[in-house]
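Scroll down for the structure; my scribbles are underneath it.
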Amino acid sequence: MTSMTTGRPPAAALPDERGRFGQFGGTYAPVTLLPAIEELREAYDAARRDPEFQAELERLLATYVGRPTALYYAESLSREIGGAQIYLKREDLAHTGAHKINNALGQGLLAKRMGKPRVIAETGAGQHGVATATVCAMLGLECVVYMGEVDIARQSLNVFRMKLLGAEVRPVGTGSRTLKDAMNEAIRDWVTNVETTYYLIGSVAGMHPYPLMVRDFQSVIGRETRRQILEQAGRLPNAVVACVGGGSNAMGIFHPFVDDPGVELHGAEAAGLGIESGKHAATLSAGRVGVLHGSRSYVLQDDDGQIIEAHSIAAGLDYPGVGPEHSYLKDTGRATYHPITDAEALEGFKLLCRTEGIIPALESAHAVALGARLAADRSPDDIIVINLSGRGDKDMHTLAEALGVAL
Numbered sequence: 001m002t003s004m005t006t007g008r009p010p011a012a013a014l015p016d017e018r019g020r021f022g023q024f025g026g027t028y029a030p031v032t033l034l035p036a037i038e039e040l041r042e043a044y045d046a047a048r049r050d051p052e053f054q055a056e057l058e059r060l061l062a063t064y065v066g067r068p069t070a071l072y073y074a075e076s077l078s079r080e081i082g083g084a085q086i087y088l089k090r091e092d093l094a095h096t097g098a099h100k101i102n103n104a105l106g107q108g109l110l111a112k113r114m115g116k117p118r119v120i121a122e123t124g125a126g127q128h129g130v131a132t133a134t135v136c137a138m139l140g141l142e143c144v145v146y147m148g149e150v151d152i153a154r155q156s157l158n159v160f161r162m163k164l165l166g167a168e169v170r171p172v173g174t175g176s177r178t179l180k181d182a183m184n185e186a187i188r189d190w191v192t193n194v195e196t197t198y199y200l201i202g203s204v205a206g207m208h209p210y211p212l213m214v215r216d217f218q219s220v221i222g223r224e225t226r227r228q229i230l231e232q233a234g235r236l237p238n239a240v241v242a243c244v245g246g247g248s249n250a251m252g253i254f255h256p257f258v259d260d261p262g263v264e265l266h267g268a269e270a271a272g273l274g275i276e277s278g279k280h281a282a283t284l285s286a287g288r289v290g291v292l293h294g295s296r297s298y299v300l301q302d303d304d305g306q307i308i309e310a311h312s313i314a315a316g317l318d319y320p321g322v323g324p325e326h327s328y329l330k331d332t333g334r335a336t337y338h339p340i341t342d343a344e345a346l347e348g349f350k351l352l353c354r355t356e357g358i359i360p361a362l363e364s365a366h367a368v369a370l371g372a373r374l375a376a377d378r379s380p381d382d383i384i385v386i387n388l389s390g391r392g393d394k395d396m397h398t399l400a401e402a403l404g405v406a407l
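Quick note: the sequence shown uses the UniProt record's numbering, first residue 1, plus one each step.
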C-alpha cells in the first residue's frame, strides 16, 4: 500500500521486511555479526507476537517503571507564552528519571528470553546507561556500559549511579570521546563476545531490527498521550514536540500519531553554537545521507564521507546520526525538524523551572524551547504536547558552569 499523495508507503506500515524506511535503515554490519543480528531479529519477531512476553512487559511497566506517566496541563507556562495551551508528557517521572527505562526494560526481558547472561550498552547523557544497569540488576544480568570520557566528566553523577547498580563503566578515549565513539566500542565488544552477549542499543538508530524494536518499546509514550489528551481535552493535539538526538523519545511519542494528519510532528535538533559555526548536532537540518552504525540515514559528514564530530550542551543529543525513521518522516514531510541552539535550550530550561517548578533535562529543554516558540504564534484554542523526556538532576554541574554559577 502506498500513500495517495506521495506514492510512498505510509510511515506506520514501515519498516519493510529488510528493515528499510524507504531509502533509509537496513543492515550494514560486519559479516561476523550477521548471524547474531538474524538471531535477534527472529527472537524479537517471536517475542512481539507472544502474549506472555507482552503481559510481563506491561506488568513491569506498571509496577516497576510507574506507568502511565502523567500528562500535565502546564497552565503557568501557557499563560506566560500567551498562545496555545501547552501540555507536558512527564517521562521525567518514570523510574530512573527518563524515558530510557521503557526500552531498557523491553530489551532486558528479550535478553533474558534469549538466554544471554551478559548485556552491553552505550550511553551519552548516562540515562540509557542507568536504565540498562537498573534493568540488569533487577533481572540478574551482567552489565557493561561504554561511555566517552567527555560524557563521563559531564555526567559523573550518572556514572556513580551505574556503578551503584552493579554495572561496569568502560571509558572510551577515542575520537570525540562522546556517544558515537561509545557506540563504536560497544559494537566491537559485541563482535568479540556475540555468543554470550546482548547489545542493548538505546535509540532508534543502528542496524535492523533496532530502530523497529526501540520504536515499539517507546511507543507506549505516544499511546498513553493519545488516550490522556482525549480524556482531558476531548480531542487530539494540534502538534506534538520532542527533542531529537538519535530520536527514541521523539519516535516514541510521534509514532501513534503518524496516521493522524491533523497532528503536526515537530522535532528539536541540537544546533549547539549555531549551524553556521560547525559546532552542532543538527543532523536532519545540516547532514547528508550516509551510513553510520549499521544504518542508512542522515549523517554529519564532510565531502570525503568522513563523520564530522557533533556538539551539544546536552550529552544525549551529541550524536552525528539520527534514527532512519526520522529521516523518512523528514523527506516525506510528515515531520518537521528545527535547530535549537545551546543558548535557546538554556532559555527553555529556565522558562520551565520558573513557570512550572519542573527542572527538565538539557535534552528536554530543547523541546521546551521549540514548543514555546511554536505555541506563541498559535490560537489559545490550539493544543501542543511537549514530551518531557527526562529530568535535569544529572545536568546540574553542566548547567551551573553554563550559567556562571560556582557550586
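Positions of the beta carbon are idealized from the N, C-alpha and C atoms, including for glycine.
Residue i versus residue j - alpha carbon distance
{"i": "P360", "j": "F349", "result": "6 Å"}
{"i": "A43", "j": "A167", "result": "25 Å"}
{"i": "H293", "j": "G321", "result": "9 Å"}
{"i": "M1", "j": "G371", "result": "Because the pLDDT at M1 is just 43, under 50, the model does not fix this residue reliably, and the point stays unresolved."}
{"i": "G202", "j": "M183", "result": "10 Å"}
{"i": "K89", "j": "G392", "result": "15 Å"}
{"i": "E52", "j": "E58", "result": "10 Å"}
{"i": "G176", "j": "A310", "result": "Looking at the sequence itself, residue 176 is Ser, so the reference to Gly does not match. Those two C-alpha atoms are separated by around 8 Å."}
{"i": "E91", "j": "L352", "result": "15 Å"}
{"i": "D50", "j": "D181", "result": "35 Å"}
{"i": "I187", "j": "P68", "result": "33 Å"}
{"i": "E276", "j": "A282", "result": "11 Å"}
{"i": "Q301", "j": "T398", "result": "27 Å"}
{"i": "K21", "j": "G404", "result": "The amino acid at residue 21 is misidentified as Lys; the sequence shows Phe. One C-alpha to the other measures close to 44 Å."}
{"i": "N238", "j": "L362", "result": "25 Å"}
{"i": "A271", "j": "C136", "result": "34 Å"}
{"i": "V240", "j": "E347", "result": "20 Å"}
{"i": "M207", "j": "L34", "result": "10 Å"}
{"i": "D151", "j": "V159", "result": "9 Å"}
{"i": "M396", "j": "V169", "result": "21 Å"}
{"i": "T178", "j": "A375", "result": "33 Å"}
{"i": "K163", "j": "R223", "result": "33 Å"}
DSSP beta-bridge partners of residue i
{"i": "R170", "result": "Y146"}
{"i": "A242", "result": "G267"}
{"i": "residue 423", "result": "This structure leaves residue 423 out entirely; the chain is present only between 1 and 407."}
{"i": "H255", "result": "Answer is none; H255 lacks a bridge partner."}
{"i": "R296", "result": "G25, V291"}
{"i": "R391", "result": "P360"}
{"i": "T336", "result": "H266"}
{"i": "Q301", "result": "I307"}
{"i": "G341", "result": "The residue you asked about is not Gly; residue 341 is Thr in the sequence shown. T341 pairs with G272."}
{"i": "V385", "result": "Y87, V240"}
{"i": "A98", "result": "G390"}
{"i": "A281", "result": "A270"}
CB contact check: residue i to chain C, cutoff 8 Å
{"i": "H326", "result": "Given the protein chain composition of this structure (a single chain), no chain C is represented."}
Burial state of residue i, where buried means 16 or more other Cβ atoms lie within 10 Å
{"i": "R334", "result": "buried"}
{"i": "A13", "result": "exposed"}
{"i": "residue 460", "result": "Past the edges of the chain, shown from 1 to 407, lies residue 460, and the structure says nothing about it."}
{"i": "V31", "result": "exposed"}
{"i": "S3", "result": "Residue confidence for S3 is low, a pLDDT of 46 falling below 50, so the modelled location carries little weight; the figure read from the coordinates is stated next. By the neighbour-count rule (16 or more Cβ atoms within 10 Å), S3 is not buried but exposed."}
{"i": "T5", "result": "Note on T5: pLDDT 45, under 50, position unreliable in the model; the coordinate value appears next. T5 is exposed by the Cβ-count criterion."}
{"i": "S327", "result": "buried"}
{"i": "A131", "result": "buried"}
{"i": "Q306", "result": "exposed"}
{"i": "R227", "result": "exposed"}
{"i": "R41", "result": "buried"}
{"i": "Q107", "result": "buried"}
{"i": "D216", "result": "buried"}
{"i": "M138", "result": "exposed"}
{"i": "R161", "result": "buried"}
{"i": "K394", "result": "buried"}
{"i": "G247", "result": "buried"}
{"i": "A268", "result": "buried"}
{"i": "K330", "result": "buried"}
{"i": "P380", "result": "exposed"}
Practice task
Please determine if the stretch 116 to 128 and the stretch 77 to 94 are in contact, where contact requires at least 3 C-beta pairs separated by less than 8 Å.
Solution key: no
Practice task
Pick out the complete alpha helix (DSSP H) segments inside the stretch 14 to 92, 4 residues or longer, and give them in chain order.
Solution key: 34 to 48, 51 to 60, 75 to 81
Handout entry: the stretch 121 to 136 contacting the stretch 189 to 196, beta-carbon criterion three pairs below 8 Å
Key = no
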